[in-house]
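To keep things clear, I will list the structure first and then write my remarks on it.
Number of protein chains: 2
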Amino acid sequence: MTTKRGSKGANGTKRMLDVLGALRERISRHELPPGSKLLEAELSAEFSVSRACIRDVFGVLSQRGLIRRIPQRGAVVERLDLSQVFEVYEVREALEGLCARLATIKMAPESWQDLVDLFGKPIEDDIERGDLEAYIVKLELLRRRTIEGAHNPVLADMIDNIQDRTRAIIRRIIVLPGRARIGLEEHRAVLRAMRQGDADAAEAAKRANIRSGAAYLKRYESFVL
Amino acid sequence: MTTKRGSKGANGTKRMLDVLGALRERISRHELPPGSKLLEAELSAEFSVSRACIRDVFGVLSQRGLIRRIPQRGAVVERLDLSQVFEVYEVREALEGLCARLATIKMAPESWQDLVDLFGKPIEDDIERGDLEAYIVKLELLRRRTIEGAHNPVLADMIDNIQDRTRAIIRRIIVLPGRARIGLEEHRAVLRAMRQGDADAAEAAKRANIRSGAAYLKRYESFVL
DNA sequence: AATAACATTCTTGCCAACATGATTGTTGAT
DNA sequence: ATCAACAATCATGTTGGCAAGAATGTTATT
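Just so you know, the protein sequences line up as chains A and B, in that order.
All letters in the first sequence, in the order written, are residues 1 to 225 by this note's numbering.
All letters in the second sequence, in the order written, are residues 1 to 225 by this note's numbering.
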């Protein structure tokens with residue numbers, strides 16, 4: 001008396017994408033912190049999908065640099081050491097600088113006005129109140145809108161990949177002494193340039209913003225990592 | 001009387017990487033041209049590996065944008081339409097510009113002298129003779145050396161990914177009327193800046209070189225795609 | 001000839017079983 | 001207590017089998 005074998009029907013790809021998204025989220029938020037062990041059989045049971053599906057997900061996650069697969073031992077969430085963080089930041093600077101440039105070129109200057117407004121008094125209030133979660137929500141909106149405005153899916157995917165790897169670190173940088181206020185001024189400079197349709201200035205400002213974050217990280221590295 | 005089942009032992013990962021490398025090569029050289037169908041069972045037989053191994057490879061290839069998996073129908077080699085080519089070129093400009101900058105910063109200026117020499121008379125001879133294969137070998141050497149000099153594995157992987165997608169197009173651009181000579185001058189400008197340790201100039205020259213290639217593509221698009 | 005209904009084919013997605021090899025645990029000898 | 005030898009455990013990598021659903025092919029009807 002053996003159980004039926006075979007496919008669970010359509011939507012295999014959807015299931016795989018759901019699992020992938022869930023694991024990406026957990027890894028990037030450090031809910032699955034670096035060093036965590038991931039087992040095919042456990043995840044297969046947890047998500048009610050086949051082991052084959054999990055292996056698919058692992059393939060993607062490893063290609064995105066989020067996990068390392070260890071033959072016969074499972075997979076482990078990658079840990080970025082300090083030098084790797086700076087390597088990722090170098091790439092982040094180039095890609096997000098390009099993103100700001102493309103968004104400025106491809107979108108009408110007026111389309112950024114709502115964000116310019118949002119980054120005025122409302123976000124000042126967030127920082128005054130110490131409500132960094134609200135601040136971060138606004139940063140994420142800016143980031144999303146810039147990516148959308150760039151109209152370049154290849155770039156978007158790469159930036160998302162970088163984001164998956166650095167999200168937890170970025171949060172740690174934002175809470176460092178004085179960082180939120182400095183970061184805000186930098187974001188405003190980016191938005192000003194975009195609002196004026198100045199692609200060179202937007203790119204330069206965004207690159208400066210990323211470098212500034214990296215410098216903050218370097219200054220406080222013993223507190224962050 | 002059933003055949004034995006089970007693992008073929010160690011080296012599963014190595015087998016997978018070998019197959020992955022082989023398919024990346026075929027796809028990037030258009031030996032498997034865009035639109036080609038890839039079937040798990042066929043490749044499994046061809047490479048003498050399990051279907052699961054091929055599925056692993058497919059996962060990586062699809063994440064790298066080289067193939068698209070179609071549920072129940074196999075996978076197909078992605079075709080870049082013109083707008084996608086330009087999207088990739090935008091990203092390529094940013095990444096290779098960064099690469100030139102980092103290589104200039106991180107390597108001693110003298111370390112580029114052999115390449116400066118190589119891009120003197122020897123490569124002139126290549127172009128005079130119409131020996132574009134030899135020219136391309138030298139370009140590949142420059143590219144490799146720049147990536148190595150940048151000492152950033154994240155960046156290297158991304159640039160390789162872009163290269164996989166654009167390699168065949170790049171070859172088509174190089175043979176366009178007058179392109180090789182113009183390209184050579186641009187590469188020389190990059191090398192000059194690197195030799196002088198001028199990272200800003202190196203980045204700008206490399207970006208200009210990529211943009212120039214894209215402009216050539218736009219001018220001759222009906223001949224290339 | 002065109003269309004609808006049905007059958008067949010094709011390939012993936014899934015399940016179960018098992019081989020492999022690395023790691024951990026247990027036992028016996030010194 | 002320490003070390004070596006052996007056994008057990010663990011998790012992946014592979015194989016064979018099969019369900020599912022989409023596409024293609026065949027047949028019947030108008």
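We put the beta carbon where it would ideally sit given N, CA and C, even for glycine.
- Annotated as proximal: residue 19(B) and residue 49(B), with beta-carbon spacing under 9 Å.
- DSSP lists no beta-bridge partner residue for residue 35(A).
- Annotated as proximal: residue 76(B) and residue 37(B), with beta-carbon spacing under 9 Å.
- DSSP places residue 57(A) outside any beta strand (DSSP E); the residue lies instead in the alpha helix (DSSP H), whose first and last residues are 51 to 63.
- Sequence-ordered contacts of the region 94 to 113 of chain A with chain B read 94, 95, 97, 98 and 102 [C-beta pairs closer than 8 Å].
- For residue 108(B), the three-state secondary structure derived from DSSP is coil.
- 54(B) is the residue among 34(B), 54(B) and 122(B) whose C-alpha sits nearest the C-alpha of residue 16(B).
- Residue 13(A) reaches chain B at 71, counting residues in chain order whose Cβ is nearer than 7 Å.
- Residues of chain A whose Cβ lies closer than 7 Å to the Cβ of residue 66(B) do not exist, since the nearest Cβ in that chain is about 11 Å away.
- For the 9 Å CB-CB criterion, residue 99(A) and residue 184(A) do not form a contact.
- Closest option to residue 193(A), judged by alpha-carbon separation, among 112(A), 171(A) and 46(A): 112(A).
- At least one C-beta of chain B is nearer than 9 Å to the C-beta of residue 154(A).
- CA-to-CA, the gap between residue 141(A) and residue 147(A) works out to about 10 Å.
- Between the region 149 to 166 of chain B and the region 78 to 89 of chain B, the count of C-beta pairs closer than 8 Å reaches three or more; the two stretches touch.
- Cβ contact annotation for residue 206(A) (same chain, cutoff 7 Å, sequence separation greater than five): 96, 97, 100 and 190, in chain order.
- The C-beta of residue 157(B) comes closer than 9 Å to at least one C-beta of chain A.
- In the three-state reduction of the DSSP assignment, residue 116(B) falls in the helix class, which pools H, G and I.
- Cβ neighbours of residue 40(B) within its own chain (closer than 6 Å, five residues either side excluded): 51 and 54.
- Per DSSP, the continuous beta strand (DSSP E) segment holding residue 74(B) begins and ends at 74 to 77.
- DSSP, reduced to helix, strand and coil, places residue 29(B) outside both helices and strands of the structure shown, so it counts as coil.
- For residue 52(A), a Cβ of chain B is located within less than 9 Å of the residue's own Cβ.
- Nearest to residue 130(A) by C-alpha distance, out of 152(A), 110(A) and 178(A), is 178(A).
- Residue 24(B) and residue 66(B) do touch by the CB rule: their CB atoms are close to 7 Å apart, below 8 Å.
- Spanning the alpha carbons of residue 102(A) and residue 173(A) requires a straight line of approximately 26 Å.
- Annotated three-state conformation of residue 68(A) is strand, per DSSP.
- Scanning the region 143 to 191 of chain A for uninterrupted alpha helix (DSSP H) segments of 4 residues or longer gives 153 to 174, listed from N- to C-terminal end.
- Under the three-state reduction of DSSP, residue 212(B) is assigned to helix.
- Per the coordinates, the alpha-carbon of residue 127(B) lies some 7 Å from the alpha-carbon of residue 135(B).
- Within the same chain, and ignoring the five residues on either side of residue 109(A) in sequence, the residues whose Cβ sits closer than 6 Å to its Cβ are 195 and 197.
- For residue 129(A), the uninterrupted alpha helix (DSSP H) run begins and ends at 121 to 129, by DSSP.
- The Cβ of residue 63(B) sits closer than 9 Å to at least one Cβ of chain A.
- In the DSSP annotation of this structure, residue 7(B) is not part of any alpha helix (DSSP H), being labelled neither H nor E.
- By the neighbour-count criterion, in which a residue is buried when 16 or more other Cβ atoms sit within 10 angstroms of its Cβ, residue 219(B) is exposed.
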